[in-house]
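For the working numbering, add 24 to where a residue sits in the sequence shown, where the first one is 1.
Don't be surprised by glycine CBs; every beta carbon is placed ideally from N, CA and C.
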Amino acid sequence: MRDANPKTIFLKDYQVPDYLIHTVDLTFDLAEDNTLVKTQLSLVKNPSSSSDNADLVLMGENLVLHSVVLDGQTLSHPDYLQTDEQLIIANVPQQREFTLTIENSINPKANTALEGLYLSNGMLCTQCEAEGFRKITYFLDRPDVMSRYTTTIIGDKQRYPVLLSNGNKTGSGELSDNKHWVSWQDPFNKPCYLFALVAGQLECIHDTYTTQSGRVINLEIFVEPHDRDKCAHAMQSLKYSMAWDEEVYGREYDLDLYMIVAVSHFNMGAMENKGLNIFNTKFVLARPDTATDYDYEHIESVIAHEYFHNWTGNRITCRDWFQLSLKEGFTVFRDQQFTADRTSKAVKRIEDVINLRTRQFAEDAGPLAHPVRPDAYIEINNFYTLTVYEKGAEVVRMLHTLLGEQGFRKGCDWYFEKYDGQAVTCDDFVLAMTTTNPIDLEQFKLWYTQAGTPVLTVTSDYNATTQALTLNIDQHCPATPGQHVKKPMHIPVRFGLIDQQGTPIPCQVNSNTALANELILELTQASHTYVFNDIKEQPVVSLLRGFSAPVKLVMERSLDELAFLLNYDTDTFSRWDAGQQLSTQIILGLINDIQNGLALQLSPILIDAFQNLLAQSWQDLSYFSLLLSLPSETYLAEQMPIIDVVAIHKAREFVTKTLAENLQQALQTWYLNQHRDESGCFNAEAIGRRRIKNTCLHYLTTLDDAAIKNWAHQQFKTAKNMTDQMAALSVMVNNPHYARRQCLMDFYQQWQHEPLVIDKWFSLQASSPGLDTYDTVLALLKHPAFELKTPNRVRALIGSFSQGNPLHFHAANGTGYQLLSDIIIELNSLNPQLASRMLSPLTTWRRYDDSRQALMIAQLERIIATEHISRDLYEVASKSLS
Ligand code: B3K
Ligand code: ZN
Numbered sequence: 025m026r027d028a029n030p031k032t033i034f035l036k037d038y039q040v041p042d043y044l045i046h047t048v049d050l051t052f053d054l055a056e057d058n059t060l061v062k063t064q065l066s067l068v069k070n071p072s073s074s075s076d077n078a079d080l081v082l083m084g085e086n087l088v089l090h091s092v093v094l095d096g097q098t099l100s101h102p103d104y105l106q107t108d109e110q111l112i113i114a115n116v117p118q119q120r121e122f123t124l125t126i127e128n129s130i131n132p133k134a135n136t137a138l139e140g141l142y143l144s145n146g147m148l149c150t151q152c153e154a155e156g157f158r159k160i161t162y163f164l165d166r167p168d169v170m171s172r173y174t175t176t177i178i179g180d181k182q183r184y185p186v187l188l189s190n191g192n193k194t195g196s197g198e199l200s201d202n203k204h205w206v207s208w209q210d211p212f213n214k215p216c217y218l219f220a221l222v223a224g225q226l227e228c229i230h231d232t233y234t235t236q237s238g239r240v241i242n243l244e245i246f247v248e249p250h251d252r253d254k255c256a257h258a259m260q261s262l263k264y265s266m267a268w269d270e271e272v273y274g275r276e277y278d279l280d281l282y283m284i285v286a287v288s289h290f291n292m293g294a295m296e297n298k299g300l301n302i303f304n305t306k307f308v309l310a311r312p313d314t315a316t317d318y319d320y321e322h323i324e325s326v327i328a329h330e331y332f333h334n335w336t337g338n339r340i341t342c343r344d345w346f347q348l349s350l351k352e353g354f355t356v357f358r359d360q361q362f363t364a365d366r367t368s369k370a371v372k373r374i375e376d377v378i379n380l381r382t383r384q385f386a387e388d389a390g391p392l393a394h395p396v397r398p399d400a401y402i403e404i405n406n407f408y409t410l411t412v413y414e415k416g417a418e419v420v421r422m423l424h425t426l427l428g429e430q431g432f433r434k435g436c437d438w439y440f441e442k443y444d445g446q447a448v449t450c451d452d453f454v455l456a457m458t459t460t461n462p463i464d465l466e467q468f469k470l471w472y473t474q475a476g477t478p479v480l481t482v483t484s485d486y487n488a489t490t491q492a493l494t495l496n497i498d499q500h501c502p503a504t505p506g507q508h509v510k511k512p513m514h515i516p517v518r519f520g521l522i523d524q525q526g527t528p529i530p531c532q533v534n535s536n537t538a539l540a541n542e543l544i545l546e547l548t549q550a551s552h553t554y555v556f557n558d559i560k561e562q563p564v565v566s567l568l569r570g571f572s573a574p575v576k577l578v579m580e581r582s583l584d585e586l587a588f589l590l591n592y593d594t595d596t597f598s599r600w601d602a603g604q605q606l607s608t609q610i611i612l613g614l615i616n617d618i619q620n621g622l623a624l625q626l627s628p629i630l631i632d633a634f635q636n637l638l639a640q641s642w643q644d645l646s647y648f649s650l651l652l653s654l655p656s657e658t659y660l661a662e663q664m665p666i667i668d669v670v671a672i673h674k675a676r677e678f679v680t681k682t683l684a685e686n687l688q689q690a691l692q693t694w695y696l697n698q699h700r701d702e703s704g705c706f707n708a709e710a711i712g713r714r715r716i717k718n719t720c721l722h723y724l725t726t727l728d729d730a731a732i733k734n735w736a737h738q739q740f741k742t743a744k745n746m747t748d749q750m751a752a753l754s755v756m757v758n759n760p761h762y763a764r765r766q767c768l769m770d771f772y773q774q775w776q777h778e779p780l781v782i783d784k785w786f787s788l789q790a791s792s793p794g795l796d797t798y799d800t801v802l803a804l805l806k807h808p809a810f811e812l813k814t815p816n817r818v819r820a821l822i823g824s825f826s827q828g829n830p831l832h833f834h835a836a837n838g839t840g841y842q843l844l845s846d847i848i849i850e851l852n853s854l855n856p857q858l859a860s861r862m863l864s865p866l867t868t869w870r871r872y873d874d875s876r877q878a879l880m881i882a883q884l885e886r887i888i889a890t891e892h893i894s895r896d897l898y899e900v901a902s903k904s905l906s
């Protein structure tokens with residue numbers, strides 16, 4: 025372990041920094057294996073600090089220190105002390121500003137952790153969030169130290185013709201030895217996690233954007249030369265994002281230049297460095313023949329997300345890393361709103377809820393559950409979680425729901441105005457909302473501090489004589505690690521009633537409020553009873569519309585009632601959700617039958633419901649496809665007390681195939697009507713056509729029908745866009761198909777020079793339910809294109825197998841677990857962040873049967889015994905075992 029006793033950092037111990045850094049002047053002399061860094065800092069004792077210690081403690085890791093100069097005086101021991109993680113300078117001036125100059129060197133080539141300055145395909149680039157700047161130089165590496173930066177980069181002209189950093193370019197020139205230099209100045213104060221440097225042989229795609237106030241901003245996307253034809257969509261997305269933030273939040277861009285660089289080796293999606301975003305190539309590069317509709321949508325939303333950070337994250341940043349959701353939850357909410365506006369509101373909401381309910385709910389119910397604002401961590405990189413991001417966004421969404429569009433905007437305006445240039449907390453964000461709106465959010469703040477997913481238990485009773493509907497809602501939040509007793513939360517529940525013809529019934533919470541077709545019930549107590557009067561007939565209750573709160577809803581409903589809501593609910597989310605609950609109940613019943621050795625029979629209610637859907641005409645074909653999609657195996661697993669991966673897979677397959685058998689004609693008609701050549705259209709109609717067509721193909725190819733198998737094969741061979749080609753290949757890989765091997769080989773041949781497409785090829789094979797998947801994964805690990813140092817490749821092969829293939833990963837003999845642990849142990853020394861992320865499927869061992877539990881625990885114990893285990897891996901492995 026890096027540290028024999030990994031230290032836990034607590035929010036309650038937060039102290040203001042003892043020193044502030046006004047200016048940072050950096051000079052880099054680049055070389056792959058030995059980059060020299062000269063840092064000149066102007067520092068001052070922080071007037072708000074109460075410490076009387078005159079030592080300055082800087083953080084630094086893996087640095088070779090050459091010299092330390094204080095106000096022109098070269099220091100030597102014992103004026104300074106160097107440890108593995110710190111540089112302590114004794115007796116610095118307390119009453120005046122002072123200058124510290126440090127020279128050190130680093131080795132980007134040896135940096136496989138991809139944090140700090142590292143090498144990717146010959147290009148040098150940085151990743152500093154959360155604590156990577158300390159791997160570049162000694163510094164006060166914490167977000168509440170904000171400084172003005174100038175950066176000079178010196179490098180070889182051939183190897184590094186492009187030299188970039190934050191802000192505006194202020195100078196450049198030639199040097200001897202075939203070198204050149206470029207200087208950059210960032211006029212905005214920023215924390216060091218937003219620092220960035222890029223150097224390499226890059227092509228620049230240039231465009232401009234004129235802001236609403238008339239300023240012309242230069243937009244530049246830098247990529248490796250062979251990728252220059254894949255940047256148009258990213259550029260367009262950036263322009264849409266800039267216009268949207270002006271229109272919806274009144275936020276304009278502040279520098280004259282906005283740069284994006286795409287790199288192949290990246291631990292996450294992208295990074296919002298001031299004026300110089302660095303992106304995983306996956307979220308920049310797209311051409312219709314290489315990227316699917318899904319990729320296009322993700323690129324647009326990640327470009328937007330990083331752009332939106334300029335205000336929510338950069339201009340106003342986090343006081344400490346516990347406040348991470350201040351910038352991430354809010355920015356995710358903003359990118360969700362943007363995508364909803366740009367595509368289909370209904371589809372976007374459903375996709376976000378699917379992600380939340382399958383993945384975040386599992387996190388919230390597992391050994392690593394933590395509040396949206398965690399109160400302790402060992403390694404902050406482990407807290408870039410679904411809870412901080414996605415649940416954090418739901419918390420902001422609830423504020424939006426409670427305050428309304430205008431009230432929320434007033435709060436945001438105040439927040440931007442008041443805290444611009446500062447490092448603040450989640451409480452400050454809530455304060456902005458209460459200052460500008462007549463609302464008490466004290467109880468609401470529990471959403472930031474209480475972990476776990478609240479469960480709402482609902483009963484309703486209609487009395488025909490009194491014409492009253494009584495609705496009872498109880499809330500309960502289960503215990504999570506370290507939090508055994510929970511308080512009731514403030515929960516907005518969107519609600520409506522429908523009559524037997526599907527018409528909304530106006531209702532009111534009490535006689536003082538107006539009648540409305542839809543209400544927001546604000547739960548604050550453990551139990552609430554609402555009585556709705558003058559309800560002339562037995563109504564159907566539609567609850568948690570739009571998924572107005574991140575909670576689990578428990579309400580007994582008959583299959584008929586769910587089928588009714590699937591047909592009639594006026595809320596697009598609740599309508600879809602009724603269909604999901606209908607299929608879930610049916611599949612869970614079949615799982616039970618499988619476990620009891622009974623013959624399977626599919627309820628005609630589901631067949632009729634789907635038939636009904638297929639018989640209608642639809643405006644939004646993407647929404648229609650979602651209505652036709654069954655809940656995933658992962659979602660179904662979450663609904664079971666003990667997960668039975670084999671029965672889940674069998675039951676779901678049975679339902680898919682039986683629906684296909686019964687609805688073959690209608691599915692074929694939809695497929696054939698929507699299957700047309702759309703080489704490059706990325707608009708809602710074309711996307712919808714592809715989506716519904718491929719959903720139908722997915723059902724149809726479960727049938728043993730030679731004609732349909734040919735359709736898939738033909739679609740694969742003639743596809744002009746990646747969505748169609750991939751959809752065809754995927755049904756051929758996931759079902760027995762005569763051309764499976766051949767098409768997989770052809771696909772590789774066709775795309776071997778496009779790494780992002782080859783990732784799809786790895787991922788598809790690793791997630792196949794086919795019998796030979798485990799052996800295939802073993803073989804792919806030895807494939808020349810597999811590379812443990814490339815996170816995208818590891819995620820494509822190992823991530824898809826362990827997180828997207830429950831059937832094979834949880835094979836009863838434990839081979840899946842062993843394979844994953846072998847990889848994690850190797851990754852531990854190469855890339856601790858990636859190793860710890862890959863561990864997540866093993867942490868849920870409590871959810872499986874005794875025999876699988878024992879096998880999973882054995883692997884976790886093996887991992888925890890790894891020599892030199894990283895903090896990242898240690899924290900996740902030990903918490904999941906304890
Ligand atoms: N802020 C970065 C995430 C950095 C993760 C560090 N381990 C990307 C984003 O959320 O926009
Ligand atoms: Zn973010």
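Residue i versus the options, residue with shortest Cα-Cα distance
i      : options                        : result
His508 : Gln776, Arg569, Gln474, Arg358 : Gln474
Lys674 : Arg713, Thr726, Ile822         : Thr726
Tyr277 : Val240, Gln698, Gly293, Glu248 : Val240
Gln93  : Lys62, His424, Lys69           : For the sequence presented, residue 93 should be read as Val rather than Gln. Comparing Cα positions, the closest option is Lys62.
Ala882 : Ser100, Leu866, Ser894         : Leu866
Thr51  : Ala809, Lys510, Trp694, Ser189 : Ser189
Gln467 : Leu480, Lys741, His90, Glu546  : Glu546
Leu300 : Met283, Phe290, Asp313         : Met283
Thr481 : Gln499, Ser598, Gln151, Leu470 : Gln499
Leu495 : Lys510, Pro516, Phe556, Gln524 : Phe556
Glu657 : Thr136, Glu296, Ile378, Arg713 : Ile378
Val247 : Thr797, Glu198, Thr305         : Thr305
For residue j and residue i, believed in contact at Cβ under 8 Å, the rounded distance
i      : j      : result
Ser75  : Asp42  : 5 Å
Leu309 : Asp231 : So it is not a contact: roughly 16 Å between Cβ atoms.
Gly191 : Asp210 : 3 Å
Gly140 : Thr150 : 7 Å
Thr314 : Lys254 : 7 Å
Cβ-heavy atom distance, residue i to ligand 1, below 7 Å
i      : result
Tyr408 : yes
Met862 : no
Asn855 : no
Glu466 : no
Ala154 : yes
Glu931 : The requested residue 931 is not part of the displayed model; the chain covers only 25 to 906.
Asn405 : yes
Any non-hydrogen atom of ligand 3 within 7 Å of residue i CB
i      : result
Gly293 : Among the ligands in the structure shown, ligand 3 does not appear; only ligand 1 and ligand 2 can be found there.
Closer than 6 Å to ligand 2: residues, by C-beta to nearest heavy atom, in chain order | Look at which beta carbons fall closer than 6 Å to any heavy atom of ligand 2; those residues are His329, His333, Glu352, Thr355.
Given 8 Å as the limit, is there contact between the stretch 174-184 and the stretch 54-61, that is, 3 or more CB pairs closer than that?
-> The answer is yes - the stretch 54-61 touches the stretch 174-184, with three or more Cβ pairs under 8 Å.
Is it a yes or a no for the stretch 588-604 touching the stretch 385-393, going by three-plus beta-carbon pairs under 8 Å?
-> As far as the Cβ criterion goes, the stretch 588-604 does not touch the stretch 385-393, which means the pair count is below three.
Per the contact definition of three or more C-beta pairs closer than 8 Å, is the stretch 377-384 in contact with the stretch 402-420?
-> Yes, since at least three Cβ pairs between the stretch 402-420 and the stretch 377-384 fall closer than 8 Å, the two stretches touch.
Segment contact, 8 Å Cβ cut-off, at least three pairs: the stretch 738-747 with the stretch 702-718 | Contact between the stretch 738-747 and the stretch 702-718 is present, because at least three Cβ pairs lie under 8 Å.
Report yes or no: do three or more beta-carbon pairs, one from the stretch 212-220 and one from the stretch 328-344, lie closer than 8 Å?
-> Yes, since at least three Cβ pairs between the stretch 212-220 and the stretch 328-344 fall closer than 8 Å, the two stretches touch.
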